[in-house]
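Report on the structure given below.
In our numbering, the protein residues as written are 1 to 135.
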């Protein structure tokens, strides 16, 4: 059972991404098991449970670079990571709400950490992800 706070935050992030008007972004991109909990909202009465095991909260294949451009224009990351405007990254967006302040430690379950770590490792091995030191 998830808290209503977690449900609200996941829904907020989903709607934020939906409001950007990303090509091809719809309810199927929300892959969290929590998504079926929002069916009490009139807008989401048709929201079906996520089939299978959850691997990520929101997933988006950025085929037209709209999300990358929004993030770059908002300075959420920089062009220093290597011409991201020419790339078409796939985004896995995790929502981890907290009521604690910024000074509190962030908690992630071992299972979630391993999922994130394995995905990053696969992306790096496929040449789709690179790391460099900040200058």
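Ideal placement from N, C-alpha and C gives every residue a C-beta, glycine not left out.
Check: By DSSP, does residue 176 sit in helix, in strand, or in coil?
Finding: The question about residue 176 has no answer, for the chain in this structure spans 1 to 135.
Less than 8 Å separating the beta-carbons of residue 67 and residue 20?
yes
- Among 44, 94 and 34, which has the Cα closest to the Cα of residue 4? 34
request  = Output yes or no for whether 8 Å exceeds the beta carbon distance between residue 63 and residue 23.
outcome  = yes
Exercise. Roughly how many angstroms lie between the CA atoms of residue 50 and residue 14, to the nearest whole one?
Worked result: 14 Å
Open item on the list: Tell me the rounded alpha-carbon separation between residue 52 and residue 94.
Closed with: 18 Å
Next item on the list: Check residue 133 in the structure and name its three-state DSSP category.
Entry: No answer about residue 133 holds up, because its pLDDT of 48 lies below 50 and its placement is not dependable.
Answer yes or no: do residue 29 and residue 58 have a C-beta to C-beta separation smaller than 8 Å?
yes
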